[in-house]
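Start counting at 1 in the sequence shown, then tack on 5, and there's your number in this note's numbering. A short worksheet on the structure shown next.
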Amino acid sequence: METPGSQSSLHRANLERVIRAVRTAGSLTQAEIARTTGLSAATVSNIVRELKESGTVDVTPTSAGGRRARSVSLSGDAGIVVGVDFGHSHLRVAIGNLAHKVLAEESEPIDVDASASQGLDHAEALVTRLLTELGIRAEKIVGVGLGVPGPIDVETGVLGSTAILPGWSGTNPRDDLAARLGVAVHVDNDANLGALGELVWGTGRGVADLAYIKVASGVGAGLVIGGRVYRGPGGTAGEIGHITLDESGPVCRCGNRGCLETFTAARYVLPLLTPGHGPDLTMPRVVELAREGDPGCRRVVSDIGRHIGSGVANLTNLLNPSRVILGGDLADAGDLVLDPIRESVSRYAIPSAARRLSVVPGSLGGRAEVLGALALVLNEMGDAPLLQPATDTVPVGV
Numbered sequence: 006m007e008t009p010g011s012q013s014s015l016h017r018a019n020l021e022r023v024i025r026a027v028r029t030a031g032s033l034t035q036a037e038i039a040r041t042t043g044l045s046a047a048t049v050s051n052i053v054r055e056l057k058e059s060g061t062v063d064v065t066p067t068s069a070g071g072r073r074a075r076s077v078s079l080s081g082d083a084g085i086v087v088g089v090d091f092g093h094s095h096l097r098v099a100i101g102n103l104a105h106k107v108l109a110e111e112s113e114p115i116d117v118d119a120s121a122s123q124g125l126d127h128a129e130a131l132v133t134r135l136l137t138e139l140g141i142r143a144e145k146i147v148g149v150g151l152g153v154p155g156p157i158d159v160e161t162g163v164l165g166s167t168a169i170l171p172g173w174s175g176t177n178p179r180d181d182l183a184a185r186l187g188v189a190v191h192v193d194n195d196a197n198l199g200a201l202g203e204l205v206w207g208t209g210r211g212v213a214d215l216a217y218i219k220v221a222s223g224v225g226a227g228l229v230i231g232g233r234v235y236r237g238p239g240g241t242a243g244e245i246g247h248i249t250l251d252e253s254g255p256v257c258r259c260g261n262r263g264c265l266e267t268f269t270a271a272r273y274v275l276p277l278l279t280p281g282h283g284p285d286l287t288m289p290r291v292v293e294l295a296r297e298g299d300p301g302c303r304r305v306v307s308d309i310g311r312h313i314g315s316g317v318a319n320l321t322n323l324l325n326p327s328r329v330i331l332g333g334d335l336a337d338a339g340d341l342v343l344d345p346i347r348e349s350v351s352r353y354a355i356p357s358a359a360r361r362l363s364v365v366p367g368s369l370g371g372r373a374e375v376l377g378a379l380a381l382v383l384n385e386m387g388d389a390p391l392l393q394p395a396t397d398t399v400p401v402g403v
């Protein structure tokens, strides 16, 4: 038994700090590990050498600031993580290792009205097929991240009422998928995972306070405060789509009138273009036509941007983020949608907060949520599976 304050307990604590820093970042130089953990360079060097000898980390030559350095990442053989993202009409699965390398990724359409059981059948089959193609045993999985487009209780895993996946309301996809795959599953809503994906791999890297706005069949925001996703006590933080813009506006699926979602989500805005473009129009097609100069589509995209900007201005006044990242199909519209967002923010947000805010498109596109699911596992998996090989001996002086 380790005694608190003993050399062995201090050593284990230092090991955990180093592994956690590398696991979260993907790869760090030894100097970056020292800055991140507050440990001395000598201690970091000893721990990295020990972890390398045990096979827990890989060390490769690199450069930092023009000087030679050593990059430390978790070993690709230490385990794999799985990301599963359910959207309004798609299922996307990614397989990655603990060094933040994506090994396989695939997307397929699903029936939005399908039951949770049918959707999870598809997910289980796709995960199994990708593992088989990679030649990786299921026993190598250390965790699964699951994204769903609806309000989720992150403690119980139960999906709340949703009009986007109506056959899933009241189900527990986290526990159901865990039972199927025989491994721990971490669940969150798609906007939070989009924020996490951009934070770890995309436009949000190095930004401690940001909001990721996803506009698709619904509208949601993933909030990052102090470098961590903020979910709120009930897991519903970031429901920007239900900010009231017009109390006499259209009735929203939540029961209120004039929510931001009723002016921006695909289900509400596409009918505006049906007379001129037919009933089969999709949001990606609207964006494509807008970029080609179609006046009706340009007007709709611009109006969506103005309304999103009103919601972003409210977020800016409340949380003062330094960056807002636009995801979903609309991000491909570029400045056609971003400029109206920026104009609304400039008009309605506190000037000092607006000046510090940048509004940019996401860099991960439709992959943001599934990569966020991988990052969720890497953040939540803990260090115990990685520490066992490295704690057999305690080097002197660490």
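Glycine is no exception: its CB is placed at the ideal position from the N, C-alpha and C atoms.
>> In the DSSP assignment, the alpha helix (DSSP H) including residue 161 goes from what residue to what residue?
In response: Looking at the DSSP string, residue 161 is not in any alpha helix (DSSP H), and its letter there is neither H nor E.
> Anyone know if the C-beta pair for residue 251 and residue 260 falls short of 7 angstroms?
Replying inline: Against a cut-off of 7 angstroms, the Cβ pair of residue 260 and residue 251 comes out as no contact.
>> So for residue 76, helix, strand or coil by DSSP?
In response: It is a strand residue.
> What distance in whole Å lies between the Cβ atoms of residue 156 and residue 240, which are believed to be in contact at a cut-off of 8 angstroms?
Replying inline: Taking 8 angstroms as the upper bound for CB-CB distance, residue 240 and residue 156 are in contact here, some 7 angstroms apart.
> Can residue 330 and residue 208 be called in contact, C-beta distance under 7 angstroms?
Replying inline: The answer is yes: Cβ separation under 7 angstroms.
>> Alpha carbons only, please: which of 193, 189, 140, 100 is nearest the one belonging to residue 154?
In response: Minimum Cα distance to residue 154 is reached at 193.
> In chain order, what residues of the same chain lie with their CB nearer than 6 angstroms to the CB of residue 288, ignoring the 5 residues before and after it?
Replying inline: Cβ neighbours of residue 288 within its own chain (closer than 6 angstroms, five residues either side excluded): 271, 334.
> DSSP on residue 395, reduced to helix/strand/coil?
Replying inline: Note that residue 395 has pLDDT 41, beneath the 50 cutoff, so the model's placement of it is unreliable and no number is given.
>> Report the CB separation of residue 229 from residue 200 in whole angstroms; it is logged as a contact under 8 angstroms.
In response: So it is a contact: roughly 5 angstroms between Cβ atoms.
> What is the rounded straight-line gap between the Cα of residue 183 and the Cα of residue 189?
Replying inline: If you take the alpha carbons of residue 183 and residue 189, they lie about 6 angstroms apart.
> Are residue 351 and residue 359 touching if we call contact CB-CB under 7 angstroms?
Replying inline: With a cutoff of 7 angstroms on beta-carbon distance, residue 351 and residue 359 are scored as near each other.
>> Less than 8 angstroms between C-beta atoms, sequence neighbours within five positions excluded: which residues of the same chain meet that for residue 138?
In response: Closer than 8 angstroms at Cβ, skipping near neighbours: 109.
>> Going by DSSP in three states, residue 373 sits in which element: helix, strand or coil?
In response: Residue 373: helix per DSSP, three-state reduction.
> Where does the unbroken beta strand (DSSP E) through residue 193 begin, and where does it stop?
Replying inline: Following the DSSP letters along the chain, one finds residue 193 inside the beta strand (DSSP E) bounded by residues 190-194.
> Around the Cβ of residue 258, are there at least 16 other Cβ atoms within 10 angstroms (buried) or fewer (exposed)?
Replying inline: Under a 10 Å Cβ-count criterion, residue 258 is classified as buried, with 16 or more other Cβ atoms of the shown protein chains found around its own Cβ.
>> Can you confirm whether the stretch 44-55 touches the stretch 126-137 when touching is taken to mean that 3 or more C-beta pairs between the two stretches lie within less than 8 angstroms?
In response: The stretch 126-137 makes no contact with the stretch 44-55: fewer than 3 CB pairs, one atom from each, lie closer than 8 angstroms.
> At which residues does the alpha helix (DSSP H) containing residue 279 begin and terminate?
Replying inline: Its alpha helix (DSSP H) spans residues 279-282.
>> Along the chain, where does the beta strand (DSSP E) containing residue 219 start, and where does it finish?
In response: Per DSSP, residue 219 belongs to the beta strand (DSSP E) from 215-220.
>> Rounding to the nearest angstrom, what Cα-Cα distance links residue 275 and residue 115 in this structure?
In response: Answer to the nearest angstrom: the Cα atoms are 21 angstroms apart.
>> Do residue 125 and residue 180 have their beta-carbon atoms positioned less than 7 angstroms apart in this structure?
In response: The answer is no: Cβ separation not under 7 angstroms.
> Mapping DSSP to helix, strand and coil, what is residue 355?
Replying inline: Collapsing the DSSP output to three states places residue 355 in coil.
> Grouping DSSP H, G and I as helix and E and B as strand, with all else coil, what is residue 116?
Replying inline: Looking at residue 116 - three-state DSSP - the assignment turns out to be coil, as it is neither helix nor strand.
> Under three-state DSSP, which class holds residue 403?
Replying inline: With a pLDDT of 35 at residue 403, under the threshold of 50, the modelled position of that residue is not reliable, and the figure given next carries that caveat. Residue 403 falls in the coil class under three-state DSSP.
> Taking three-plus beta-carbon pairs below 8 angstroms as touching, is the stretch 368-382 in contact with the stretch 75-95?
Replying inline: Counting C-beta pairs with one atom in each stretch, the stretch 368-382 and the stretch 75-95 have three or more that are closer than 8 angstroms, which means they touch.
> Taking only runs of the alpha helix (DSSP H) that begin and end inside the stretch 218-295, which ones reach a length of at least 4 residues, in chain order?
Replying inline: Those alpha helix (DSSP H) runs which fall completely within the stretch 218-295 and span 4+ residues are 266-269, 271-274, 279-282.
>> According to DSSP, is residue 149 part of a helix, a strand, or is it coil?
In response: In the structure shown, residue 149 sits in a strand (DSSP, three-state: E or B).
> Is residue 269 closer than 7 angstroms to residue 312 when the C-beta atoms are compared?
Replying inline: At a Cβ-Cβ threshold of 7 angstroms, residue 312 and residue 269 count as neighbours.
> In angstroms, rounded to a whole number, what distance separates the CA positions of residue 366 and residue 332?
Replying inline: Roughly 6 angstroms between the two C-alpha positions.
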